[in-house]
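First comes the structure, then the notes that go with it.
Number of protein chains: 2
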Amino acid sequence: MEHVSLAPLSRVAICGGTHGNEMTGVYIVREMQRKKVSAAGSFSVTPVLTNPRAVDVCRRYTDKDLNRCFTDALLSSPVTDSTPYELKRAQELNAQLGPKGGKEAVDLLVDLHNTTANMGLCLIFYSLDWLTLHLLKYIQNKISSVPVRAIQLDIPLSDAYSLEAVGKHGFAIEVGPQPHGVLRADIFNVAKKAVDLTLEFIQEFNAGRTFEGGEVEAFTLVKSIDYPRDSSGEITAAIHPELQDNDFKLLRPGDPLFLSFSGETLIHEGEELYPFFINECAYYEKKVAFQLARKTTYSFPSVSVEKD
Amino acid sequence: MEHVSLAPLSRVAICGGTHGNEMTGVYIVREMQRKKVSAAGSFSVTPVLTNPRAVDVCRRYTDKDLNRCFTDALLSSPVTDSTPYELKRAQELNAQLGPKGGKEAVDLLVDLHNTTANMGLCLIFYSLDWLTLHLLKYIQNKISSVPVRAIQLDIPLSDAYSLEAVGKHGFAIEVGPQPHGVLRADIFNVAKKAVDLTLEFIQEFNAGRTFEGGEVEAFTLVKSIDYPRDSSGEITAAIHPELQDNDFKLLRPGDPLFLSFSGETLIHEGEELYPFFINECAYYEKKVAFQLARKTTYSFPSVSVEKD
Chain W
1 MEHVSLAPLS
11 RVAICGGTHG
21 NEMTGVYIVR
31 EMQRKKVSAA
41 GSFSVTPVLT
51 NPRAVDVCRR
61 YTDKDLNRCF
71 TDALLSSPVT
81 DSTPYELKRA
91 QELNAQLGPK
101 GGKEAVDLLV
111 DLHNTTANMG
121 LCLIFYSLDW
131 LTLHLLKYIQ
141 NKISSVPVRA
151 IQLDIPLSDA
161 YSLEAVGKHG
171 FAIEVGPQPH
181 GVLRADIFNV
191 AKKAVDLTLE
201 FIQEFNAGRT
211 FEGGEVEAFT
221 LVKSIDYPRD
231 SSGEITAAIH
241 PELQDNDFKL
251 LRPGDPLFLS
261 FSGETLIHEG
271 EELYPFFINE
281 CAYYEKKVAF
291 QLARKTTYSF
301 PSVSVEKD
Chain G
1 MEHVSLAPLS
11 RVAICGGTHG
21 NEMTGVYIVR
31 EMQRKKVSAA
41 GSFSVTPVLT
51 NPRAVDVCRR
61 YTDKDLNRCF
71 TDALLSSPVT
81 DSTPYELKRA
91 QELNAQLGPK
101 GGKEAVDLLV
111 DLHNTTANMG
121 LCLIFYSLDW
131 LTLHLLKYIQ
141 NKISSVPVRA
151 IQLDIPLSDA
161 YSLEAVGKHG
171 FAIEVGPQPH
181 GVLRADIFNV
191 AKKAVDLTLE
201 FIQEFNAGRT
211 FEGGEVEAFT
221 LVKSIDYPRD
231 SSGEITAAIH
241 PELQDNDFKL
251 LRPGDPLFLS
261 FSGETLIHEG
271 EELYPFFINE
281 CAYYEKKVAF
291 QLARKTTYSF
301 PSVSVEKD
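Quick note, the sequences are listed as chains W and G, same order.
Heads up: the first sequence begins at 1 in this note's numbering, then just goes up one per residue.
Heads up: the second sequence begins at 1 in this note's numbering, then just goes up one per residue.
Right, here's the structure in full:
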């Protein structure tokens, strides 16, 4: 592949508290605000606590999941007295950090999340462009304490519903396992390292370093699987102990999925796919017990910053 | 020690959902209700979902922590329009399963809880009487998949604030680590086994079996430790990675307690004690980072049921 030149990055936003009970991002952003971080060499850095009302009550959200409010339709919907708090907040954030898809948007938006699933460190992307593929590879090369993986959501930008879609480039950093409402030092440290490496990469990129081409794997979401339920909608089984904590371990036909409260095992019957977000707390209400992905390898060219 | 005869147990309550986001008890009680469990041989069994309003919204409580409402003072306080839901519910439960300290109370009340701390299976008691000491030993002897420990809260019965104080005998079963709002099959299975062993013990006891005397260890709560905070009350440090998940591992002077967000380690300076409830989610609002206990050995005599 031919070498590619890319525009320098001049404005970066580091966001946390989009879900108010995911504590890693809350405390990383607060610490950056306390230290008055506003620049890192060649570019500006804006730490943003994105859902302060949910942070105050330590819940995922107060009226509506903020991280489902960034579709083009919702961002352009009229605000009335009955508009949910989080939808108003999404429009404020889009004005501050976007507009989504617009020339004035921040160059890179990183949003910090936690999961109760045993997912290690995941970078979640709508679109894997040359810059974010390089950033992913850079972080993978420099973190060895936990697995570093990429998840791709194959959704058109207009329907992209989460905050990172507001930046010109963007991704979510998802780290687990950590109970919501709890702050673990090990999880904090690995997320903080991913943020620091992101800023380091941009600094080196802006300074003119050439990053060699290569390959990287990503997991593309195929579908979500609900818990088994009875006729009244009550859950009748838990994630099977052999599936629990085994995010990204290939699921083969016949592998156990659920263990019912009366002791029966339910097995996987479809194609071979990779499970993730296994037993994520916040997904019970979304009727998602886990998600399934296919693994893809991406090649990318060497890149460097455009010369003036 | 001389042999002791004790009254038979005729009424047992198995309670769950006292904290509405601690899922093990919710699902064990629901499964018992679905199977219409109401007796086990010589005694009645009543499964009770104790805080249905909190269960519905999957929160610890809606107005006030139900499991702090069972002091004599609160149970006898007048109910008005502004009485918190959980205090009204505590008085209802006291009428149904008590009254606390009264002759009509259930013989044994077991309340099912979860913690985000790595505590294995803990039985929590206000008073370790001959019956509960034997029950503890019985469960310890029959569960080997996780550590089984006892915690004693040295509080006069009148001030005892949690639901298990309503029974003639009572204890809480605390199982972790499990994120609140999440149901793990491994945690469900170990709690279910403890419930089943409790019922099995009572059945054997009522049938006339003699249980030999012996010894058992318990951890007695000494004090609670808060997180380090700045002048505005914000937490400035997380539980240190060397303390995290090490519940019941003896803490010595010089051992690390906290890791501040700027990277400094804070150490333990007091006497040697055992930490537990390390990084329990629900205790952030109670300003408790962990609790400290002293270990005591209890001797108990052989027991059997009183002959008519």
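Note that beta-carbon positions come from the ideal geometry of N, C-alpha and C, so glycine has one too.
Q) Going by Cα to Cα distance, which pick from G:Asn141, G:Glu285, G:Leu250, G:Val148 is closest to Phe201 of chain G? A) G:Asn141
Q.
For Lys249 of chain G, which residues in the same chain have their Cβ closer than 8 Å to its Cβ, ignoring the five residues on either side in sequence?
A. Tyr274, Pro275
Q: At 9 Å on the CB atoms, spell out the chain G contacts of Asp111 of chain W, in chain order.
A: In chain order: nothing, as chain G lies at least about 19 Å away.
Q. Are any of the Cβ atoms in chain G nearer than 8 Å to that of Asp247 of chain W?
A. no
Q | Where the beta strand (DSSP E) through Glu215 of chain W begins and ends | A | 214-225
Q: Kindly confirm or deny that the stretch 141-156 of chain W and the stretch 234-251 of chain G touch, where touching means at least three C-beta pairs closer than 8 Å.
A: no
Q) Tell me which same chain residues have a C-beta within less than 8 Å of the C-beta of Val57 of chain W, skipping the five on either side of it? A) Gly20
Q) Looking at the unbroken alpha helix (DSSP H) that takes in Asp56 of chain W, where does it start and where does it end? A) 52-57
Q: Reducing DSSP to helix, strand and coil, say where His134 of chain G ends up.
A: helix
(Q) DSSP three-state label for Gly312 of chain G, please. (A) In the structure displayed, chain G extends from 1 to 308; residue 312 of chain G sits before or after that span and is not available.
Q) Starting from Ile151 of chain G and walking both ways along the alpha helix (DSSP H), at which residues does that stretch end? A) Unbroken run through Ile151 of chain G is the beta strand (DSSP E), 148-152; no alpha helix (DSSP H).
Q) Under a three-way DSSP split, which group does Lys295 of chain W fall into? A) strand
Q.
Looking at chain C, is there any beta carbon in it that lies within less than 8 Å of the beta carbon of Asp65 of chain G?
A. Absent here is chain C; the protein component of the structure consists of chains W and G.
Q: Can you pull the chain G residues whose beta carbon is under 7 Å from the beta carbon of Thr116 of chain W, in chain order?
A: Pro179, Val182
Q. Are the C-beta atoms of Pro241 of chain W and some chain G residue less than 8 Å apart?
A. yes
**Q.** Residue closest to Pro47 of chain W, alpha-carbon to alpha-carbon, out of W:Thr115, W:Leu108, W:Arg60
**A.** W:Leu108
(Q) Is there a C-beta anywhere in chain G that falls below 8 Å from the one on Ala191 of chain W? (A) no
**Q.** Per-residue DSSP class, three states only, for Glu174 of chain W
**A.** strand
**Q.** Phe188 of chain W: contacting residues in chain G (beta-carbon distance under 7 Å)
**A.** Ala238
Q: Quick one: give me the first and last residue of the beta strand (DSSP E) that Val12 of chain W is part of.
A: 11-16
Q: With Ile310 of chain G as the anchor, note down where its beta strand (DSSP E) starts and where it stops.
A: In the structure as shown, chain G starts at 1 and stops at 308, and residue 310 of chain G therefore has no counterpart that could be examined.
Q) Since Phe205 of chain G and Val110 of chain G are thought to touch, with beta carbons under 8 Å apart, how far apart are those beta carbons, to the nearest angstrom? A) Actually they do not touch by this definition, with Cβ atoms about 15 Å apart.
Q) Using a Cβ-Cβ distance under 8 Å, would Leu199 of chain G count as near chain W? A) no
Q.
Can you find the residues in the same chain that come closer than 7 Å, C-beta to C-beta, to Pro84 of chain W, ignoring five residues on each side of it along the sequence?
A. Asp63, Lys64
Q.
Does chain G have any CB closer than 8 Å to the CB of Asn279 of chain W?
A. yes
Q | Continuous alpha helix (DSSP H) stretch holding Tyr85 of chain W: start and end | A | 85-97
(Q) What would DSSP say about Phe248 of chain G, mapped onto helix, strand or coil? (A) coil
Q. At a Cβ threshold of 8 Å, is Phe261 of chain W touching chain G?
A. yes
Q | Asn114 of chain G - partner residues in DSSP beta bridges | A | G:Val175
Q | C-alpha gap between Thr265 of chain G and Arg59 of chain W, whole angstroms | A | 29 Å
Q) Under the rule that 16 or more other beta-carbon atoms within 10 Å means buried, what is Ser38 of chain W, buried or exposed? A) exposed
**Q.** Identity of the residue in G:His3, G:Pro177, G:Gly17 nearest Leu66 of chain G by Cα
**A.** G:Gly17
Q | From G:Met119, G:Leu75, G:Val4, G:Glu215, residue whose alpha carbon lies closest to that of Asn246 of chain G | A | G:Met119
Q.
Looking at chain G, is there any beta carbon in it that lies within less than 8 Å of the beta carbon of Glu164 of chain W?
A. no
Q: State the start and end residues of the unbroken beta strand (DSSP E) segment that holds Val48 of chain G.
A: 43-49
Q: Please list, in chain order, all residues of the same chain as Gly170 of chain W whose beta carbon is under 6 Å from its beta carbon, the five residues on each side excluded.
A: Leu109, Glu164
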